[in-house]
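Sequence positions in the sequence shown follow our numbering and run -18 to 437. Beta carbons: idealized from backbone N, C-alpha and C, even for Gly.
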Amino acid sequence: MNSIKTVRQASREVPVACKSDVVVVGGGSAGVTAAVSAARNGASVTLLERYHHLGGMASGGMVLVLDDMVNGKEITVSGIVDEFVQRMAKTGDAVFPPPEDRNGELANRRKWSRWGAYDFHQPKKPFPILYAVAFDPDAWKRTSLDLIQENNINLRLHSWFSEAIVEDNQVKGVICQNNSGRHAVLGDIIIDATGDLNVATSAGAPFIDGKFIVTTVFRLMNVDTDEAERFEFDNPEEYYKVDREIRRLIGGCWDHWWLKTPLPGVVWCNCPHMPGYDGISSEDLTAAEYEGRGRMMRAFQFAKENLPGFQNSKILGAAEQVGVRQTRLLQGEYVVTKEDVAERRYFSDTVCRGRDYYTPYRALLPKKLNQLIVAGRHYSAEPEAQRSSREIPPCMAQGEAAGIAAALALNGNCSLKEVSAKAIQKQMRAQGADPGDVPSANALIEHQSEEEMVYG
Ligand SMILES: Cc1cc2nc3c(=O)[nH]c(=O)nc-3n(C[C@H](O)[C@H](O)[C@H](O)COP(=O)(O)OP(=O)(O)OC[C@H]3O[C@@H](n4cnc5c(N)ncnc54)[C@H](O)[C@@H]3O)c2cc1C
């Protein structure tokens, strides 16, 4: 056994690779949206991503349905997410039910459930059809790259963030590591979109350790989805028996363990659910990879032998990234609670929203630190609140708002904390996004707090 517990690393000079107005760390759905939004508002932007692709969980994690975008019939997340949908739909890489099919009629459930476009927030089954978008992961990567290139963003792939550069509580830039060594990337404003709160944590922002199930998402090919759907709807009892055994072998999944994708005969499997893993520990993520693949093989083999439509199927592959839903969570200027999300509490400094809940600007801002803002699944929330407010569209909406906030601070020569939420709301609307400034009829509206008045 090695008895050495720590080693001392000598401090050293690090070359500066580049400087821009805004540095976005993390090229997932929130980071790409933040970068595009900041650039469109006049900032020079550098985007850093550790992998060779953009999209994070939405592409490398193969999470292939955009949901959490509607409050009844009202579409509540729009803006840059719509651009993704429209661009991908043009090439057949995004599929969603038209407005006339969004209801509980059997014919529409039969047509759309296996696209994942059903309302699982309803208390009772069968779930009605709603607006949600199934998409192809490589199309997501391509669309992300196109938007980054079109907006003249300085993209640096293969750049692992390792340390924040902080002076007197001002975040001035980041240190990255790649195969050519360590280098600094400087910026006037830094947006942490790493999903694991890497930058804010390194800079000293208060946070808590969150944890939720992890998943090695996988895809199967050569599936006769028409035959499988016929069996499900025409022989529900028999289907249920086979389905129950597959779910037992997978060991945890949501209502539908397989969903259709825009690629004919290819289905994605948003399972297994594996509790107890720490999504930032390399030991745990390695163990999850073994466990997830083991469960995948057992369930696949049984489906192939017993589920009509799956007899000729093959494993297309597991996602490049283990699906991590929750790790560190910022404890920022406001911490969104489980009740805030469940009761649809409206804040007057709301700058973006998910299905029916509202995200105040303060939940993107760390305490103590200046010139740093966060966007994405690590935003300031209680673990229970984050679990039901972490889908791709609301993460993108946060990114869009964070990009605007960064540009407003630069243009106004003020700190992020001095930017008014009203100004962010106005620009969100100008960009076609819903900032949540106008509460829906089912929102919980209380008196404005003093903090809201400061930011509002
Ligand atoms: C299995 C699973 C199923 C889900 N199902 C759905 C669903 O059906 N629909 C839905 O809408 N949402 C779903 N979600 C939630 C959703 O996918 C995520 O919450 C959302 O994609 C998070 O986006 P993000 O940009 O905040 O983070 P991420 O997508 O995690 O992006 C973070 C980015 O930062 C990069 N990064 C991290 N650390 C560093 C570093 N040190 N240096 C440089 N770059 C770094 C990562 O590589 C990544 O690109 C699911 C999530 C999981 C895991």
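Here residue 177 has 260, 261, 305, 308, 309 and 359 as same chain residues with Cβ atoms under 8 Å from its own Cβ, once five neighbours each way along the sequence are excluded. When 278, 323 and 348 are compared, the shortest CA-CA separation from residue 295 is found for 278. Taking a 10 Å sphere around the C-beta of residue 80, we find fewer than 16 other C-beta atoms and assign the residue as exposed. The alpha-carbon separation between residue 8 and residue 21 amounts to approximately 17 Å.
Taking all protein chains shown into account, residue 434 has fewer than 16 neighbouring C-beta atoms within 10 Å of its C-beta and is therefore exposed.
Fewer than three Cβ pairs drawn from the region 71 to 78 and the region 386 to 402 lie within less than 8 Å of each other, which leaves the two stretches out of contact. For residue 396, no beta strand (DSSP E) encloses it, and the DSSP letter there is neither H nor E. In the DSSP assignment, residue 206 falls within the alpha helix (DSSP H) that extends over 206 to 215. At a threshold of 7 Å, residue 52 does not count as near ligand 1, since its beta carbon sits no closer than that to any of the ligand's heavy atoms.
In the DSSP annotation of this structure, residue -15 is not part of any alpha helix (DSSP H), being labelled neither H nor E. Secondary structure at residue -8: coil, using DSSP grouped into helix, strand and coil.
DSSP, read as helix, strand or coil, puts residue 60 in coil. For the pair residue 173 and residue 353, the CB atoms are nearer than the 8 Å cut-off.
DSSP places residue 50 outside both helix and strand once states are collapsed to three, so it counts as coil. Annotation: the region 296 to 345 contains the following complete segments of the alpha helix (DSSP H) (minimum length 4 residues), in chain order: 319 to 323.
Annotation for residue 350: 147, 150, 151, 152, 181, 184, 185 and 186 place their beta carbon closer than 8 Å to its own, counting only its chain and skipping 5 residues before and after.
When DSSP states are grouped into helix, strand and coil, residue 158 belongs to the strand group. Per the DSSP secondary-structure output, residue 148 pairs in a beta bridge with 151. Ligand 1 has a heavy atom closer than 7 Å to the beta-carbon of residue 374.
Going by DSSP, residue 106 is part of no alpha helix (DSSP H) at all; its letter is neither H nor E. Cβ neighbours of residue 16 within its own chain (closer than 6 Å, five residues either side excluded): 5, 26, 28 and 134. Within the model, the alpha-carbon separation for residue -4 versus residue 165 is close to 6 Å. Ligand 1 has no heavy atom closer than 7 Å to the beta-carbon of residue 262.
With contacts defined as CB atoms closer than 8 Å, residue 387 and residue 333 fail to qualify as a contacting pair. The three-state reading of DSSP puts residue 135 in strand, counting E and B together.
If you ignore the 5 residues before and after residue 57, its C-beta comes within less than 8 Å of the C-beta of 50, 51, 334, 335, 336, 337, 415, 417 and 421, all in its own chain and listed in chain order. In the DSSP assignment, residue 93 falls outside any beta strand (DSSP E) and lies within the alpha helix (DSSP H) extending over 87 to 93. In terms of CA proximity to residue 402, 330 leads the group 330, 372 and 409. Nearest C-alpha to residue 276 among 196, 109 and 346: 196. According to the DSSP assignment, residue 188 belongs to no alpha helix (DSSP H) but to the beta strand (DSSP E) extending over 188 to 190. Excluding its 5 nearest sequence neighbours in each direction, residue 124 has C-beta neighbours in its own chain below 7 Å: 65, 68 and 69, listed in chain order. Taking the CA atoms as reference points, residue 62 sits about 11 Å from residue 18. Segment contact: the region 29 to 49 against the region 109 to 117, three or more CB-CB distances shorter than 8 Å; contact assigned. Rounded to the nearest angstrom, the gap between the Cα atoms of residue 203 and residue 342 is 46 Å. The beta carbon of residue 49 sits closer than 7 Å to at least one heavy atom of ligand 1.
Under the three-state reduction of DSSP output, residue 239 falls in the coil class, being neither helix nor strand.
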